[in-house]
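From first to last, the protein sequence lines are chains L and D.
Note that my numbering has the first sequence beginning at 1, numbered continuously upward.
Note that my numbering has the second sequence beginning at 1, numbered continuously upward.
There are 2 protein chains.
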Amino acid sequence: YREEQERREKLFVVYQVVLKWFVALLIGIGTGFAAIFINISVENFAGWKFALTFAIIQKSYFAGFLVYILFNLALAFSSVYIITQFAPAAAGSGIPEIKGYLNGVDIHGILLLRTLFGKIFGSIGSVGGGLALGKEGPLVHTGACIASLLGQGGSTKYHLSSRWLQVFNNDRDRRDLVTCGCAAGVAAAFRAPVGGVLFALEEVTSWWRSHLMWRVFFTSAVVAVVVRTAMGWCKSGKCGHFGAGGFIIWDISDGQEDYSFAELLPMAVIGVIGGLLGALFNQLTLYITYWRRNYLHKKGMRVKIIEVCLVSVITSAISFGLPLLTKCSPCPESEASSGIECPNPPGVYGNYVNFKCHNEKEYNDLATIFFNTQDDAIRNLFSAKTIREFSAQSLLTFLVMFYTLAVVTFGTAVPAGQFVPGIMIGSTYGRLVGMFVVKFYKKMNIEEGTYALLGAASFLGGSMRMTVSLCVIMVEITNNLKFLPLIMLVLLISKAVGDVFNEGLYEEQARLRGIPLLESRPKYQMRNMMAKEACGYRKVVSLPRVIKVGDLVSILRSNEHNGFPVIDHTRSGETLVSGLMLRSHLLVLLQSKIDFQHSPLPSDSKGGSFLVRHTNSEFVKPVSTKGMSLDDIHLSDDDLEMYIDLAPFLNPSPYIVPEDMSLTKVYNLFRQLGLRHVFVVPRPSHIIGLITRKDLLIEDSGDSATVELQSTSSSGA
Amino acid sequence: YREEQERREKLFVVYQVVLKWFVALLIGIGTGFAAIFINISVENFAGWKFALTFAIIQKSYFAGFLVYILFNLALAFSSVYIITQFAPAAAGSGIPEIKGYLNGVDIHGILLLRTLFGKIFGSIGSVGGGLALGKEGPLVHTGACIASLLGQGGSTKYHLSSRWLQVFNNDRDRRDLVTCGCAAGVAAAFRAPVGGVLFALEEVTSWWRSHLMWRVFFTSAVVAVVVRTAMGWCKSGKCGHFGAGGFIIWDISDGQEDYSFAELLPMAVIGVIGGLLGALFNQLTLYITYWRRNYLHKKGMRVKIIEVCLVSVITSAISFGLPLLTKCSPCPESEASSGIECPNPPGVYGNYVNFKCHNEKEYNDLATIFFNTQDDAIRNLFSAKTIREFSAQSLLTFLVMFYTLAVVTFGTAVPAGQFVPGIMIGSTYGRLVGMFVVKFYKKMNIEEGTYALLGAASFLGGSMRMTVSLCVIMVEITNNLKFLPLIMLVLLISKAVGDVFNEGLYEEQARLRGIPLLESRPKYQMRNMMAKEACGYRKVVSLPRVIKVGDLVSILRSNEHNGFPVIDHTRSGETLVSGLMLRSHLLVLLQSKIDFQHSPLPSDSKGGSFLVRHTNSEFVKPVSTKGMSLDDIHLSDDDLEMYIDLAPFLNPSPYIVPEDMSLTKVYNLFRQLGLRHVFVVPRPSHIIGLITRKDLLIEDSGDSATVELQSTSSSGA
């Protein structure tokens, strides 16, 4: 019998492994398709918009202006309407929330099905509507939602869940899936599979096991293949305006071949500027978000909608109006031979946009970056062989205006990523510095596009404070390895400068939203604190093993704790800690009422019957639903007089620390293992044994496996 | 007073941080220079060798053969002599040992100064001597040695230590430094800074904190800059034969532009072959190393030296003799226009080596890969636009011979990396598959060099089982991002295939050497085991708080434990666990004799006097020395009658687990925190408090910092 049980367990393990990989595959495919859908939609909306506007301004600039504003307004309105009405959790970039979730905090609503749809359709509207925000952050959130929904086998609310997927019934598996989803999101957003893995590793997860890396890597590879296939399919022209200018890869293979050591100084300057502007960005957005949360958004949904519409109109007016006021420049003659057409209609991929130029051979440099999709603008800023395309004045104007717009747009109730705006800002001042370098050093092998790339890296480094993942992402999106050491240098400087002033964008935002992120490093003063001080000398609310239902309800009502120690009495009358009971599990028990009993004595049900009454999955906290509240449970007076035996449901051995352990150690335990509760116990009176490394090296001989196979019944979750 | 103390502490923290970064800088520079030194030496030795041999074979092939063999033999002998006489720990690749060290195992001698020199000079000899091994693994070990030596401020044995560097006096800081050193080693070996970071992350460390990544990244960037500077300096011709063919970057930018879906099948085949051959390689080397350890190497040093010399002679004979037996092929005519010269003298960088060809316009394809440095051979295998350079017969011969040589060479007493041999083997069968694809699909845009690259990735994946880091390293050494998804695909397949048969090369070797590596995943049967079972019901040897020196010595002599629980008695007579005492600390106490006292009562020294008698650094286990043994300590009979109070020296709060905790949980605790000892205690009788996430979010307000600043005295280590 035992052999059979063992075989069945092994089969189950194989099933689980296969299923995990299968779900990783599905996550990759799903995220890939979501990214393609968003990209095609955005490109098509933007394409229609620019084509229409350009057709109209041939006759009247004013009519074109109106159409442009209205088109953008309609898209932005659709986005904010979806968000405020259906999916409030889909506003913003979502990365701070995902980070919080993977750090161990539960935030309601961030992984719902409606949030997924809100993210997808909302970001189509907001990005297509030309706001100063990107679709990359939302795509990461989208990937995480897809992963979480697949992990629980569909949305429980809409009864789409399938049973066979419900093996992912513990927190750890769920978090693993969401990590995969994040990586898939980045991989899809930037077509940067390795960058996706590193992003998931460096930025979002707080604990990491190396065999997870392997699965995350697989997911990213699947995304890369899916996206590539779709791009190939679109090449035949079936995707409308989605063509060469579609998915991010801002190729700078034409950039400069080499760099001299004299150039390291201006590059360091770019790093410093990036650190300063990035830190300023974090600080400004922090203030504005704070103000928004506390004053503006308290006034209701209508204010949010009006706000977004206002921002949309201002953005449209600036991006249309400013180029109108700029004088056109004559096309450079030397470039004509290099295959770059000089006057280009706006909205079409390419440099040198002709916009309100009277002469045939003139172009408007501000329109080239402003009156364009952001992807194309960045491509133009990164472009090589186009020295003197932009005037310093235009770039400076653009920098100031776009920076302001990005700060104002941040925190409105639409899905908003900060990657692409950051790259826009960074590449603008990078190109500015590059122009001065070209003037100063007077060498022709310096390309302004290279400096634009470094500027982009520096601003992102100064704002988001990522290092390795950002470095790899920048390399992957520009498809150029030559500048890797330069990007590293610039990132190091900008992150160091930024760290002087404040924390990274995501950390600041998470703190503002009350998400208690545990940093990777314990605070210094923790060294001198003991574990018992951290509990704050609060009274611990503990439960007896068998408890009256009425008492339980009143205990649950009287506090907000999420975990309760359960104390049992041995036959000799001494107390003994039995384990930890979670509030959510108690609520499940109270709701089902199956385990109520009349006697206050411990029930002698031995595992078996317990398993019949409850499937394991009932206790799984559904991540993508709102969770249960005590008010949802209705108990009759008879019920309240009954008893309940908690023994089969509790976690029998939570991690414990002695009372005088240094808080630094407790912190490391908490953070490295992703815990939620730790018991502080008195210093033990004696020791049963000492486990060393060698004790944990059990061979796969199979002998030791069969030694103990009972005592597995009481694993409530 | 308190404020001043606090200020001083803060200053110390700043000092520590600055020092950590400074040491990271030094590690980068040191490893960079070591790599350059090794590379220049190897290239020069190899250059002289081939130049000399080629000059002689113009007259007599037999004399050339003799000179070639003797030259190689001399180099190999110098290598094995250095290793066996001075630095036995420097044999092999060193990566399993470093992995073990970072996993928490102490292995004597791996981080000594003599090991460092043995690694550097030994690998110059072994690689320059043309053995079938690489210099990349040893470089990783070199980086780790440099890091560890810098961290303890020089070698303690040779009195080179400086005091101001001794702030790195805990295990964690040391391990962080060694992690930096590993990354620097990889970055220097392959000129792959990002790959280095990922290698350190994926392959060697078992626990990881994200702020360490930042410092590792910095170290890698420094290495990249140092190496680049040196390469620039060498371009002026000051480095002898070290020139274009020096540092690894096998540029394949001329490779094929695109790939069709039909090609995915042969690529998958490459992945499967890689998995099979890689797993076979692991298994064969495992058997041979096992046999060597248990039979051959027990016979003393002379056997080791003879073995290496024998291998060297065989290798030389094969690499000289086999090309001699091969027929020359006529130079292809079409290539003449593409700038590739057809008959090249051997040893010179380039394809189409002329070796014993009678005709002017002929070349020897086997000599092109065999009678050449490995770097150049790989460059030739990766090269594009050279379809039909190699005949299938030559490649197959080379594959079989080189595979056998690599297996035989592995485990001899010389520093030996498996990266480059792995790439050689992989690219050979990759190119073979590529040749069949070219024949079968009959498209001209397929390049055999691309298949060679994929083959190399597949073999490394099948043998070492790395994923992300290997992927990035392959991309960085070939300077080409286009094939990233293909490399990912091939790696996924080869790792999966290999995992069916055995573990990765480093894990297998570590296990064979008795290094108890804890894998990232606990064994499945641990789920059903409890903590107390793991201690194996052994009797715990515990010490009283005040112990007679004689008793202590006999306890230490009677067992091999490294940690002892210390039990104290309260006034009411109850026992209480005071903490953990390490054997190494006890030895320090016994040696210094300062703390011996006459009375068996606890001394009332309150911290202060303790700190005067011992500086903290005395207790630091010197990683790079051999450690102390009980036999080194001489105690008089009077000494043995005295007492010692252990209270000030013990670790007052090691991590504890209740006796019935699931072993899976214990395993995770152990592994994630890098522990050495865990106390198993009885289930607690009551709970003092519960720590949750919110309790650990202490603000930097400064109020809480001053609450508790006493009670820090007893932190022995």
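Just so it is clear, CB atoms sit at the ideal spot from N, CA and C, and this is done for glycine as well.
For ILE567 of chain L, I'd like the list of residues in its chain whose CB is within less than 8 Å of its CB, leaving aside the five on either flank, ordered along the chain.
-> Counted from its first residue, the first sequence places residue 567 of chain L at position 567. Same-chain partners within the cutoff: SER542, LEU543, PRO544, ARG545, THR575, LEU576, VAL577, SER578.
Under the three-state reduction of DSSP, which class applies to PRO544 of chain D: helix, strand or coil?
-> Here the question's residue 544 of chain D lines up with position 544 in the second sequence. Strand.
Just the chain D side, please: which residues come within less than 7 Å of VAL468 of chain L by C-beta, in chain order?
-> Counting from 1 along the first sequence, the entry for residue 468 of chain L is found at position 468. Near VAL468 of chain L (Cβ distances below 7 Å), the residues of chain D are VAL194, VAL197, MET213, PHE217.
Identify which residue in L:LEU697, L:THR115, L:LEU66, L:PRO415 has its Cα closest to the Cα of MET526 of chain D.
-> Taking the second sequence and counting its residues from 1, one reaches residue 526 of chain D at position 526. The residue with the shortest Cα to Cα distance from MET526 of chain D is L:LEU697.
Three-way DSSP call (helix, strand, coil) for ASN282 of chain L in this model | Translated into the one-based positions of the first sequence, residue 282 of chain L becomes position 282. Helix at ASN282 of chain L.
Between which two residues does the alpha helix (DSSP H) containing PHE564 of chain L stretch?
-> Taking the first residue of the first sequence as position 1, residue 564 of chain L is located at position 564. Taken as a continuous stretch (DSSP letters only), PHE564 of chain L belongs to no alpha helix (DSSP H), being part of the beta strand (DSSP E) at 563-569.
Verify the CB distance criterion: does HIS569 of chain L have a CB-CB separation below 8 Å to chain D?
-> To locate residue 569 of chain L, count along the first sequence from 1; it is residue 569. No, its Cβ sits nowhere closer than 8 Å to a Cβ of chain D.
With a cut-off of 8 Å, does the C-beta of SER726 of chain D fall near any C-beta of chain L?
-> The requested residue 726 of chain D does not occur in the structure, where chain D is confined to residues 1 to 717.
What is the DSSP secondary structure of PHE679 of chain L, counted as helix, strand or coil?
-> For the purposes of this step, residue 679 of chain L is taken as residue 679 along the first sequence, with counting starting at 1. Strand at PHE679 of chain L.
Tell whether a beta-carbon distance below 8 Å holds between VAL271 of chain D and LEU489 of chain D.
-> For the purposes of this step, residue 271 of chain D is identified with residue 271 of the second sequence, where counting begins at 1. For the purposes of this step, residue 489 of chain D is identified with residue 489 of the second sequence, where counting begins at 1. The amino acid at residue 271 of chain D is misidentified as Val; the sequence shows Gly. Yes, they are a contact pair.
According to a CB-to-CB cut-off of less than 7 Å, which residues of the segment 491-504 of chain L neighbour chain D?
-> LEU492
Would you report the Cα separation of GLN597 of chain L and LEU646 of chain L, rounded to the nearest angstrom?
-> For this step, residue 597 of chain L is matched to residue 597 along the first sequence. For this step, residue 646 of chain L is matched to residue 646 along the first sequence. C-alpha separation (whole angstroms): 11 Å.
Drop a sphere of 10 angstroms on the beta-carbon of LEU381 of chain D, count the other beta-carbons inside from all chains shown, and report buried for 16 or more, exposed for fewer.
-> Start at 1 with the first residue of the second sequence, and residue 381 of chain D comes out as number 381. By the 10 Å Cβ count, LEU381 of chain D comes out buried.
Note down, in chain order, all residues in the segment 24-43 of chain L with a beta-carbon under 7 Å from any beta-carbon belonging to chain D.
-> none
For the segment 401-431 of chain L, which residues have a beta carbon sitting closer than 8 Å to at least one beta carbon of chain D?
-> none
Closest residue to VAL222 of chain D among D:GLU9, D:ALA262, D:CYS180, D:LEU11 (Cα-Cα distance) = As a first step, residue 222 of chain D must be located in the second sequence, where it is residue number 222. The option with the nearest alpha carbon to VAL222 of chain D is D:CYS180.
For TYR667 of chain L, return the contacting residues in chain D, with the cut-off set at a CB-CB distance below 8 Å.
-> Here residue 667 of chain L refers to the residue found at position 667 when the first sequence is read from its first residue. Per Cβ cutoff of 8 Å: LEU696.
For VAL680 of chain L, return the contacting residues in chain D, with the cut-off set at a CB-CB distance below 9 Å.
-> As a working mapping, residue 680 of chain L is identified with position 680 in the first sequence. By Cβ distance, chain D contributes ILE687, ILE688, GLY689, LEU690, ILE691.
ALA34 of chain L: which of L:GLU503, L:LEU139, L:PRO485, L:GLN5 sits nearest, CA to CA?
-> As a working note, residue 34 of chain L is residue 34 in the first sequence. The residue with the shortest Cα to Cα distance from ALA34 of chain L is L:LEU139.
Nearest candidate by alpha-carbon position, reference ILE691 of chain D, set L:VAL540, L:HIS297, L:LYS548, L:ILE594 | What you label residue 691 of chain D is simply residue 691 of the second sequence in a count that begins at 1. With distances taken between Cα atoms, ILE691 of chain D lies closest to L:VAL540.
Anything in chain L within Cβ reach of GLY563 of chain D, meaning under 7 Å, just list it in chain order.
-> Mapped onto the second sequence, residue 563 of chain D falls at position 563. Here the neighbours are LEU690.
Consider the Cβ of GLU476 of chain D: report whether some Cβ of chain L lies at a distance smaller than 8 Å.
-> The residue labelled residue 476 of chain D in the question sits at position 476 within the second sequence. Cβ-Cβ to chain L under 8 Å: yes for GLU476 of chain D.
Check whether the segment 20-34 of chain D touches the segment 182-191 of chain D, counting contact only when three or more Cβ pairs, one atom from each stretch, lie closer than 8 Å.
-> yes
Unbroken alpha helix (DSSP H) runs of length 4 or more, entirely within the segment 487-543 of chain D: which are they?
-> 505-512, 531-534
In the DSSP assignment, find the beta strand (DSSP E) that holds LEU576 of chain D and state where it starts and stops.
-> The sequence position of residue 576 of chain D within the second sequence is 576, counting from 1. Counting along the chain, the beta strand (DSSP E) containing LEU576 of chain D begins and ends at 575-582.
Confirm, please, whether the CB-CB distance from ALA496 of chain L to VAL308 of chain L is below 8 Å.
-> The sequence position of residue 308 of chain L within the first sequence is 308, counting from 1. The sequence position of residue 496 of chain L within the first sequence is 496, counting from 1. The answer is no: Cβ separation not under 8 Å.
Pairwise C-alpha distance: MET231 of chain D and CYS239 of chain D | Taking the second sequence and counting its residues from 1, the one referred to as residue 239 of chain D is at position 239. Taking the second sequence and counting its residues from 1, the one referred to as residue 231 of chain D is at position 231. Cα to Cα, CYS239 of chain D sits roughly 9 Å from MET231 of chain D.
Quick one: measure Cβ to Cβ for ARG114 of chain L and ALA91 of chain L, integer angstroms, because I've assumed they're closer than 8 Å.
-> Within the first sequence, the letter at position 114 stands for residue 114 of chain L. Within the first sequence, the letter at position 91 stands for residue 91 of chain L. 13 Å between Cβ atoms; not a contact.
Cβ-based neighbour list, ASP251 of chain D, same chain, cut-off 6 Å, excluding 5 preceding and 5 following = Start at 1 with the first residue of the second sequence, and residue 251 of chain D comes out as number 251. Hits under 6 Å: ASN479.
Reducing DSSP to helix, strand and coil, say where GLY294 of chain D ends up.
-> For the purposes of this step, residue 294 of chain D is taken as the residue at position 294 of the second sequence. Reading off the sequence shown, one finds Asn at residue 294 of chain D, where the question assumed Gly. Looking at ASN294 of chain D - three-state DSSP - the assignment turns out to be helix.
Over the uninterrupted beta strand (DSSP E) stretch that includes THR692 of chain D, give me the two end residues.
-> For the purposes of this step, residue 692 of chain D is taken as residue 692 along the second sequence, with counting starting at 1. Here the beta strand (DSSP E) through THR692 of chain D covers 689-692.
Work out the CA separation of ALA456 of chain D and ILE473 of chain D for me, nearest whole Å.
-> To locate residue 473 of chain D, count along the second sequence from 1; it is residue 473. To locate residue 456 of chain D, count along the second sequence from 1; it is residue 456. Taking the straight line from one Cα to the other gives about 12 Å.
Nearest to ALA147 of chain D by alpha carbon, out of D:LEU133, D:ILE124, D:LEU116, D:GLY128?
-> Position 147 of the second sequence holds residue 147 of chain D. It is D:LEU116.
So, using beta-carbon positions, are GLY422 of chain D and LEU453 of chain D closer together than 8 Å?
-> If you number the second sequence from 1, residue 422 of chain D lands on position 422. If you number the second sequence from 1, residue 453 of chain D lands on position 453. No; because the gap between Cβ atoms is not below 8 Å, this pair is not in contact.
So, are the CB atoms of PHE370 of chain D and SER319 of chain D less than 8 Å apart?
-> The residue given as residue 370 of chain D occupies position 370 in the second sequence. The residue given as residue 319 of chain D occupies position 319 in the second sequence. Taking 8 Å as the Cβ cut-off, PHE370 of chain D and SER319 of chain D qualify as a contacting pair.
Do VAL680 of chain L and GLY430 of chain D have their C-beta atoms closer together than 8 Å?
-> By one-based count along the first sequence, residue 680 of chain L stands at place 680. By one-based count along the second sequence, residue 430 of chain D stands at place 430. Result no, Cβ atoms of VAL680 of chain L and GLY430 of chain D do not sit closer than 8 Å.
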